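Heads up: the structure comes next, in C-alpha coordinates.
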Amino acid sequence: MSISRPATAQCLSFIDNYVDAWSKIGFDDSVGRSGHSTVVCRETAFSYGGVKGRDLGEVCGELRVFSLTSNLITENTWKHVETTGENPGCRASHAMCFDEDASQIYFVGGIDKQRHVCAQMHVLNCQEMVWKRLHFQSSDAFRAIGVYGQTLLYFQGSLYSFGGCDQNSRYYQGAFKFHIQECEWSLLKTKGSPPSVRNRHAAFIHLDANEEHVHSMYIIGGGAYRPKEDKIDAYKLNIHTLVWKKVKTCGRNPGGRFAFGSAYDAISESFFLYGGHTKWLHRLGDLYCLDIGQGYWMEIKTEDGPGARAFHSCFAHERVLFIFGGTDGVARIDDTWMLSLKDVKDYKENVIVTSAVSP
1178 MSISRPATAQ CLSFIDNYVD AWSKIGFDDS VGRSGHSTVV CRETAFSYGG
1228 VKGRDLGEVC GELRVFSLTS NLITENTWKH VETTGENPGC RASHAMCFDE
1278 DASQIYFVGG IDKQRHVCAQ MHVLNCQEMV WKRLHFQSSD AFRAIGVYGQ
1328 TLLYFQGSLY SFGGCDQNSR YYQGAFKFHI QECEWSLLKT KGSPPSVRNR
1378 HAAFIHLDAN EEHVHSMYII GGGAYRPKED KIDAYKLNIH TLVWKKVKTC
1428 GRNPGGRFAF GSAYDAISES FFLYGGHTKW LHRLGDLYCL DIGQGYWMEI
1478 KTEDGPGARA FHSCFAHERV LFIFGGTDGV ARIDDTWMLS LKDVKDYKEN
1528 VIVTSAVSP
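Mapping the sequence shown onto the numbering used here, position 42 (from 1) lands on 1219, and the numbers just tick up by one.
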(Lines of atoms letter the chains of each structure in order from A and count residues from 1; the text may use other names and numbers.)
(Lines give C-alpha, C1' and ligand atoms only; values in the text may rest on other atoms or scores of the structure.)
Protein backbone atom coordinates (compact mmCIF):
# COMPACT_ATOMS: atom_id res chain seq x y z
CA MET A 1 0.00 0.00 0.00
CA SER A 2 1.43 3.40 -0.91
CA ILE A 3 0.18 6.92 -0.38
CA SER A 4 0.06 9.03 -3.52
CA ARG A 5 2.14 12.19 -3.41
CA PRO A 6 -0.18 15.07 -2.38
CA ALA A 7 -1.14 17.65 -4.97
CA THR A 8 -1.02 20.49 -2.45
CA ALA A 9 1.91 22.44 -1.00
CA GLN A 10 0.15 22.41 2.36
CA CYS A 11 1.63 18.97 3.04
CA LEU A 12 5.12 19.19 4.53
CA SER A 13 5.99 15.52 4.66
CA PHE A 14 4.64 12.24 3.33
CA ILE A 15 5.42 8.55 3.21
CA ASP A 16 5.73 6.40 0.10
CA ASN A 17 6.22 2.70 -0.50
CA TYR A 18 3.86 1.45 2.20
CA VAL A 19 2.94 -1.92 0.68
CA ASP A 20 -0.03 -4.07 1.56
CA ALA A 21 -2.54 -5.99 -0.50
CA TRP A 22 -6.18 -6.92 -0.72
CA SER A 23 -7.18 -10.51 0.04
CA LYS A 24 -10.00 -12.16 -1.86
CA ILE A 25 -12.16 -14.05 0.59
CA GLY A 26 -14.20 -16.01 -1.89
CA PHE A 27 -17.41 -16.08 -3.83
CA ASP A 28 -20.95 -15.66 -2.60
CA ASP A 29 -23.13 -18.77 -2.30
CA SER A 30 -25.58 -17.58 -4.94
CA VAL A 31 -25.07 -15.02 -7.75
CA GLY A 32 -23.55 -11.58 -8.06
CA ARG A 33 -25.57 -8.58 -6.99
CA SER A 34 -25.51 -4.80 -6.74
CA GLY A 35 -27.55 -2.19 -4.90
CA HIS A 36 -27.68 -4.31 -1.73
CA SER A 37 -27.04 -2.97 1.77
CA THR A 38 -24.76 -4.45 4.43
CA VAL A 39 -24.37 -3.68 8.15
CA VAL A 40 -22.25 -5.20 10.91
CA CYS A 41 -24.05 -6.51 13.97
CA ARG A 42 -21.29 -7.23 16.49
CA GLU A 43 -19.45 -10.25 15.00
CA THR A 44 -21.68 -10.81 11.97
CA ALA A 45 -22.26 -8.91 8.73
CA PHE A 46 -25.88 -8.86 7.48
CA SER A 47 -26.59 -8.14 3.80
CA TYR A 48 -30.07 -7.73 2.33
CA GLY A 49 -31.54 -7.57 -1.15
CA GLY A 50 -30.02 -5.96 -4.22
CA VAL A 51 -30.27 -6.63 -7.94
CA LYS A 52 -28.96 -9.94 -9.28
CA GLY A 53 -28.47 -11.33 -12.75
CA ARG A 54 -27.36 -9.69 -15.99
CA ASP A 55 -28.55 -6.52 -17.77
CA LEU A 56 -31.39 -4.87 -15.80
CA GLY A 57 -31.45 -7.86 -13.48
CA GLU A 58 -34.00 -8.85 -10.86
CA VAL A 59 -34.51 -7.24 -7.46
CA CYS A 60 -34.25 -9.90 -4.75
CA GLY A 61 -35.18 -10.18 -1.08
CA GLU A 62 -32.58 -12.50 0.43
CA LEU A 63 -30.97 -11.96 3.82
CA ARG A 64 -27.45 -13.38 4.08
CA VAL A 65 -24.88 -13.35 6.85
CA PHE A 66 -21.11 -13.52 6.98
CA SER A 67 -19.28 -14.53 10.18
CA LEU A 68 -16.47 -12.19 11.23
CA THR A 69 -15.21 -14.34 14.11
CA SER A 70 -13.49 -17.24 12.36
CA ASN A 71 -9.72 -17.53 12.42
CA LEU A 72 -10.03 -18.75 8.84
CA ILE A 73 -12.07 -15.77 7.67
CA THR A 74 -10.61 -16.01 4.17
CA GLU A 75 -12.43 -19.33 3.78
CA ASN A 76 -15.80 -17.97 4.86
CA THR A 77 -18.77 -17.47 2.54
CA TRP A 78 -22.07 -15.63 2.75
CA LYS A 79 -24.89 -17.87 3.95
CA HIS A 80 -28.63 -17.51 3.46
CA VAL A 81 -30.55 -17.20 6.73
CA GLU A 82 -34.24 -17.90 7.35
CA THR A 83 -36.38 -15.34 9.18
CA THR A 84 -40.00 -15.04 10.28
CA GLY A 85 -42.40 -12.13 10.50
CA GLU A 86 -43.18 -9.47 7.89
CA ASN A 87 -39.95 -8.94 5.96
CA PRO A 88 -39.30 -6.10 3.47
CA GLY A 89 -39.61 -8.38 0.45
CA CYS A 90 -37.62 -7.76 -2.72
CA ARG A 91 -35.69 -4.53 -2.35
CA ALA A 92 -32.68 -2.60 -3.66
CA SER A 93 -31.11 0.82 -3.03
CA HIS A 94 -32.52 0.80 0.51
CA ALA A 95 -30.84 1.91 3.74
CA MET A 96 -30.06 -0.11 6.87
CA CYS A 97 -28.40 0.53 10.23
CA PHE A 98 -27.75 -1.42 13.41
CA ASP A 99 -29.19 -0.44 16.80
CA GLU A 100 -26.43 -1.74 19.07
CA ASP A 101 -28.43 -1.12 22.25
CA ALA A 102 -31.41 -3.25 21.24
CA SER A 103 -29.58 -5.61 18.83
CA GLN A 104 -31.91 -4.67 15.97
CA ILE A 105 -31.50 -3.74 12.32
CA TYR A 106 -33.61 -0.90 10.96
CA PHE A 107 -34.52 -0.96 7.28
CA VAL A 108 -36.08 1.88 5.24
CA GLY A 109 -37.06 2.76 1.66
CA GLY A 110 -35.62 1.34 -1.53
CA ILE A 111 -37.21 0.04 -4.73
CA ASP A 112 -39.13 -3.20 -5.32
CA LYS A 113 -39.26 -5.66 -8.24
CA GLN A 114 -41.32 -3.25 -10.35
CA ARG A 115 -38.81 -0.44 -9.60
CA HIS A 116 -41.42 1.34 -7.47
CA VAL A 117 -40.20 3.24 -4.41
CA CYS A 118 -41.37 1.58 -1.18
CA ALA A 119 -42.40 3.96 1.61
CA GLN A 120 -41.93 1.30 4.26
CA MET A 121 -39.89 0.73 7.39
CA HIS A 122 -39.01 -2.60 8.98
CA VAL A 123 -37.02 -3.77 11.98
CA LEU A 124 -35.24 -7.12 12.43
CA ASN A 125 -34.64 -8.62 15.85
CA CYS A 126 -31.13 -10.05 15.36
CA GLN A 127 -31.43 -12.54 18.24
CA GLU A 128 -34.78 -14.08 17.30
CA MET A 129 -34.46 -13.32 13.55
CA VAL A 130 -37.99 -11.92 13.42
CA TRP A 131 -39.04 -9.04 11.15
CA LYS A 132 -41.65 -6.44 12.06
CA ARG A 133 -43.10 -3.68 9.89
CA LEU A 134 -43.62 -0.26 11.45
CA HIS A 135 -46.59 1.84 10.30
CA PHE A 136 -46.85 5.64 10.11
CA GLN A 137 -49.32 8.31 9.06
CA SER A 138 -47.33 11.56 9.18
CA SER A 139 -46.01 13.39 6.13
CA ASP A 140 -42.57 13.59 7.77
CA ALA A 141 -42.44 9.80 7.96
CA PHE A 142 -43.43 9.42 4.31
CA ARG A 143 -40.75 11.90 3.20
CA ALA A 144 -38.10 10.17 5.34
CA ILE A 145 -38.76 6.60 4.21
CA GLY A 146 -40.49 7.06 0.82
CA VAL A 147 -37.21 7.41 -1.08
CA TYR A 148 -34.28 5.32 -2.27
CA GLY A 149 -30.54 5.93 -2.00
CA GLN A 150 -30.84 7.69 1.37
CA THR A 151 -28.57 7.08 4.37
CA LEU A 152 -29.62 5.84 7.81
CA LEU A 153 -27.61 6.08 11.05
CA TYR A 154 -28.19 5.06 14.67
CA PHE A 155 -27.07 7.39 17.46
CA GLN A 156 -28.02 7.42 21.14
CA GLY A 157 -31.53 6.00 20.88
CA SER A 158 -32.51 7.68 17.61
CA LEU A 159 -32.11 7.20 13.86
CA TYR A 160 -30.95 9.90 11.46
CA SER A 161 -31.82 9.86 7.75
CA PHE A 162 -30.61 12.15 4.99
CA GLY A 163 -31.36 12.65 1.29
CA GLY A 164 -32.79 10.23 -1.22
CA CYS A 165 -34.91 10.29 -4.36
CA ASP A 166 -38.67 9.66 -4.60
CA GLN A 167 -40.86 7.96 -7.20
CA ASN A 168 -41.12 11.20 -9.21
CA SER A 169 -37.33 11.61 -9.43
CA ARG A 170 -37.33 14.43 -6.87
CA TYR A 171 -34.10 14.53 -4.87
CA TYR A 172 -34.04 15.67 -1.26
CA GLN A 173 -31.67 17.37 1.17
CA GLY A 174 -33.73 17.04 4.34
CA ALA A 175 -32.41 15.52 7.56
CA PHE A 176 -34.91 13.46 9.55
CA LYS A 177 -34.85 11.98 13.04
CA PHE A 178 -36.67 8.84 14.12
CA HIS A 179 -37.48 8.77 17.83
CA ILE A 180 -37.35 5.07 18.62
CA GLN A 181 -39.29 5.17 21.89
CA GLU A 182 -42.09 7.30 20.44
CA CYS A 183 -41.90 5.51 17.04
CA GLU A 184 -42.16 8.87 15.25
CA TRP A 185 -40.32 10.63 12.44
CA SER A 186 -39.68 14.38 12.42
CA LEU A 187 -37.98 16.75 9.98
CA LEU A 188 -35.05 18.45 11.70
CA LYS A 189 -35.16 22.25 11.61
CA THR A 190 -31.56 22.87 10.73
CA LYS A 191 -29.56 26.04 10.19
CA GLY A 192 -26.44 26.91 8.25
CA SER A 193 -25.47 25.72 4.77
CA PRO A 194 -26.77 22.19 4.09
CA PRO A 195 -25.58 19.83 1.35
CA SER A 196 -27.33 20.04 -2.00
CA VAL A 197 -30.07 17.56 -2.88
CA ARG A 198 -28.60 14.09 -3.39
CA ASN A 199 -28.74 10.33 -2.97
CA ARG A 200 -26.26 7.46 -3.05
CA HIS A 201 -23.93 9.39 -0.79
CA ALA A 202 -22.14 8.35 2.43
CA ALA A 203 -22.92 9.25 6.04
CA PHE A 204 -21.42 8.58 9.45
CA ILE A 205 -21.43 9.98 13.01
CA HIS A 206 -18.15 11.35 14.33
CA LEU A 207 -17.13 12.75 17.74
CA ASP A 208 -15.28 15.98 16.95
CA ALA A 209 -11.99 15.98 18.86
CA ASN A 210 -11.70 19.76 18.73
CA GLU A 211 -15.10 20.28 20.37
CA GLU A 212 -15.83 18.48 23.63
CA HIS A 213 -18.82 16.10 23.50
CA VAL A 214 -19.89 17.34 20.07
CA HIS A 215 -21.12 14.70 17.64
CA SER A 216 -21.64 15.48 13.98
CA MET A 217 -23.32 13.66 11.12
CA TYR A 218 -21.05 13.81 8.08
CA ILE A 219 -22.43 13.67 4.53
CA ILE A 220 -19.94 12.95 1.74
CA GLY A 221 -20.38 12.70 -2.03
CA GLY A 222 -23.41 11.51 -3.96
CA GLY A 223 -25.52 13.66 -6.25
CA ALA A 224 -28.88 14.28 -7.91
CA TYR A 225 -28.42 11.13 -10.00
CA ARG A 226 -24.85 12.25 -10.59
CA PRO A 227 -22.68 14.91 -8.88
CA LYS A 228 -22.43 18.32 -10.48
CA GLU A 229 -19.00 19.17 -9.08
CA ASP A 230 -15.64 17.83 -10.22
CA LYS A 231 -14.48 17.42 -6.60
CA ILE A 232 -16.20 15.45 -3.89
CA ASP A 233 -17.79 17.58 -1.18
CA ALA A 234 -18.25 17.02 2.55
CA TYR A 235 -20.65 18.54 5.08
CA LYS A 236 -21.34 18.00 8.75
CA LEU A 237 -24.41 18.57 10.89
CA ASN A 238 -23.88 19.28 14.59
CA ILE A 239 -26.34 16.82 16.13
CA HIS A 240 -26.83 19.05 19.18
CA THR A 241 -27.18 22.53 17.63
CA LEU A 242 -28.50 21.31 14.23
CA VAL A 243 -26.15 23.64 12.36
CA TRP A 244 -24.79 22.55 8.97
CA LYS A 245 -21.24 23.43 8.00
CA LYS A 246 -19.21 22.65 4.89
CA VAL A 247 -16.08 20.71 5.76
CA LYS A 248 -12.84 22.19 4.45
CA THR A 249 -10.45 19.60 3.10
CA CYS A 250 -7.08 19.43 1.37
CA GLY A 251 -4.88 16.76 -0.19
CA ARG A 252 -5.74 14.64 -3.23
CA ASN A 253 -9.49 15.00 -3.63
CA PRO A 254 -11.16 11.77 -4.90
CA GLY A 255 -13.35 13.67 -7.34
CA GLY A 256 -17.13 13.87 -7.38
CA ARG A 257 -18.76 10.42 -7.38
CA PHE A 258 -21.82 8.43 -6.34
CA ALA A 259 -22.73 4.77 -5.71
CA PHE A 260 -19.35 4.18 -4.07
CA GLY A 261 -18.65 1.92 -1.10
CA SER A 262 -17.59 3.55 2.16
CA ALA A 263 -16.80 2.83 5.78
CA TYR A 264 -15.89 4.87 8.86
CA ASP A 265 -13.15 3.64 11.21
CA ALA A 266 -13.60 5.30 14.62
CA ILE A 267 -10.25 4.05 15.96
CA SER A 268 -8.16 5.87 13.37
CA GLU A 269 -10.80 8.60 12.87
CA SER A 270 -10.74 7.87 9.15
CA PHE A 271 -13.32 7.64 6.40
CA PHE A 272 -12.62 5.24 3.52
CA LEU A 273 -14.29 5.15 0.11
CA TYR A 274 -13.85 2.76 -2.77
CA GLY A 275 -14.93 2.93 -6.40
CA GLY A 276 -18.25 4.29 -7.60
CA HIS A 277 -19.27 6.35 -10.62
CA THR A 278 -17.97 9.76 -11.69
CA LYS A 279 -20.36 12.41 -13.00
CA TRP A 280 -19.46 11.15 -16.48
CA LEU A 281 -20.57 7.64 -15.38
CA HIS A 282 -17.04 6.27 -15.49
CA ARG A 283 -16.65 3.34 -13.10
CA LEU A 284 -13.77 3.63 -10.62
CA GLY A 285 -11.55 1.16 -8.76
CA ASP A 286 -9.60 3.44 -6.43
CA LEU A 287 -9.34 3.71 -2.63
CA TYR A 288 -9.22 6.99 -0.70
CA CYS A 289 -8.94 7.87 2.97
CA LEU A 290 -10.08 11.09 4.65
CA ASP A 291 -8.38 11.97 7.93
CA ILE A 292 -11.34 13.52 9.75
CA GLY A 293 -9.29 15.51 12.25
CA GLN A 294 -7.03 17.14 9.68
CA GLY A 295 -9.49 17.24 6.81
CA TYR A 296 -6.87 15.60 4.61
CA TRP A 297 -7.59 13.30 1.65
CA MET A 298 -5.11 10.56 0.72
CA GLU A 299 -5.20 8.14 -2.19
CA ILE A 300 -4.13 4.67 -1.09
CA LYS A 301 -2.63 2.59 -3.87
CA THR A 302 -2.62 -1.17 -3.30
CA GLU A 303 -1.42 -4.23 -5.12
CA ASP A 304 -4.21 -5.94 -7.06
CA GLY A 305 -7.61 -5.40 -5.47
CA PRO A 306 -11.34 -5.58 -6.25
CA GLY A 307 -11.12 -3.63 -9.51
CA ALA A 308 -13.51 -1.01 -10.85
CA ARG A 309 -17.07 -1.36 -9.54
CA ALA A 310 -20.10 0.55 -8.30
CA PHE A 311 -23.23 -0.13 -6.25
CA HIS A 312 -21.24 -2.45 -3.97
CA SER A 313 -21.35 -2.52 -0.17
CA CYS A 314 -18.45 -1.71 2.11
CA PHE A 315 -17.96 -2.04 5.85
CA ALA A 316 -15.20 -2.05 8.47
CA HIS A 317 -14.76 -4.40 11.40
CA GLU A 318 -11.82 -4.81 13.82
CA ARG A 319 -9.53 -2.64 11.66
CA VAL A 320 -10.35 -4.53 8.46
CA LEU A 321 -12.09 -3.04 5.42
CA PHE A 322 -14.48 -5.31 3.47
CA ILE A 323 -15.97 -4.88 -0.01
CA PHE A 324 -18.79 -7.10 -1.22
CA GLY A 325 -20.44 -7.42 -4.63
CA GLY A 326 -21.34 -4.58 -7.00
CA THR A 327 -21.23 -4.29 -10.77
CA ASP A 328 -18.24 -3.80 -13.06
CA GLY A 329 -20.32 -2.68 -16.05
CA VAL A 330 -20.32 -6.12 -17.66
CA ALA A 331 -21.82 -8.28 -14.93
CA ARG A 332 -22.78 -8.20 -11.26
CA ILE A 333 -20.05 -9.51 -9.00
CA ASP A 334 -20.23 -12.16 -6.29
CA ASP A 335 -16.86 -11.73 -4.59
CA THR A 336 -15.72 -10.34 -1.23
CA TRP A 337 -12.41 -8.59 -0.52
CA MET A 338 -10.68 -7.53 2.68
CA LEU A 339 -7.86 -5.08 3.47
CA SER A 340 -6.14 -4.59 6.82
CA LEU A 341 -6.38 -1.08 8.29
CA LYS A 342 -4.18 -1.81 11.30
CA ASP A 343 -1.35 0.37 10.04
CA VAL A 344 -3.45 3.30 8.86
CA LYS A 345 -2.58 5.27 12.00
CA ASP A 346 1.15 4.81 11.31
CA TYR A 347 1.13 6.24 7.82
CA LYS A 348 -1.32 9.01 8.75
CA GLU A 349 1.09 10.25 11.40
CA ASN A 350 3.67 10.77 8.66
CA VAL A 351 1.43 13.26 6.87
CA ILE A 352 1.62 16.74 8.36
CA VAL A 353 -0.98 19.24 7.25
CA THR A 354 -0.43 22.85 8.30
CA SER A 355 -3.84 24.06 7.19
CA ALA A 356 -6.91 22.92 5.29
CA VAL A 357 -8.12 24.54 2.13
CA SER A 358 -11.52 24.38 0.49
CA PRO A 359 -11.82 21.66 -2.15
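Even glycine gets a Cβ: it sits at the ideal position worked out from N, Cα and C.
Predicted model, so just to flag it, every value in this text is computed and none were measured.
query                                                                                                                                                                                                         : result
Please name the residue in F1448, H1459 and K1478 whose C-alpha comes closest to that of R1496.                                                                                                               : F1448
Between which two residues does the alpha helix (DSSP H) holding R1241 run?                                                                                                                                   : Taken as a continuous stretch (DSSP letters only), R1241 belongs to no alpha helix (DSSP H), being part of the beta strand (DSSP E) at L1240 to S1244.
How many Å lie between L1384 and G1341 at the Cα?                                                                                                                                                             : 25 Å
Tell me, to the nearest whole angstrom, how far the beta carbon of L1450 is from that of A1379; I am working on the premise that it is less than 8 Å.                                                         : 7 Å
Please list, in chain order, all residues of the same chain as G1400 whose beta carbon is under 6 Å from its beta carbon, the five residues on each side excluded.                                            : R1375 and F1435
So what does DSSP say about I1322, is it helix, strand or coil?                                                                                                                                               : helix
Does DSSP put G1433 in a helix, in a strand, or in coil?                                                                                                                                                      : coil
Per DSSP, what kind of secondary structure is S1316 in: helix, strand or coil?                                                                                                                                : helix
By the DSSP assignment, the beta strand (DSSP E) with G1482 in it spans what residues?                                                                                                                        : Element bounds for G1482: n/a, residue is neither H nor E.
Extract the residue ranges of the beta strand (DSSP E) inside the segment 1270-1316, only unbroken runs of 3 or more that lie entirely within it.                                                             : 1272-1276, 1281-1285, 1298-1302 and 1307-1311
Could you tell me the alpha carbon to alpha carbon distance between V1285 and K1408, rounded to whole angstroms?                                                                                              : 29 Å
Take L1245 as the anchor and find which of F1313, S1224, H1459 and R1219 has the nearest alpha-carbon.                                                                                                        : R1219
Look up E1361 in the DSSP assignment and give the residues it is bridged to.                                                                                                                                  : H1356
The beta strand (DSSP E) spanning K1422 covers which residue range?                                                                                                                                           : V1420 to K1423
Along the chain, where does the beta strand (DSSP E) that runs through N1415 open and close?                                                                                                                  : A1411 to N1415
Using 8 Å as the cut-off, can you tell me whether the segment 1268-1275 makes contact with the segment 1225-1241, which would need three or more C-beta pairs spanning the two stretches below that distance? : yes
Nearest-angstrom Cα distance between H1489 and K1456?                                                                                                                                                         : 17 Å
Distance check for W1474 and C1427, CA to CA, integer angstroms please.                                                                                                                                       : 6 Å
According to DSSP, I1382 sits in a beta bridge with which residue or residues?                                                                                                                                : M1394
Hey, how far is the Cα of P1372 from the Cα of P1404?                                                                                                                                                         : 12 Å
Alpha carbon to alpha carbon, how far is G1287 from G1326?                                                                                                                                                    : 7 Å
Kindly indicate which three-state DSSP category C1342 falls into: helix, strand or coil?                                                                                                                      : strand
Can you tell me which of E1476, M1298 and C1303 puts its alpha carbon nearest to the alpha carbon of T1260?                                                                                                   : C1303
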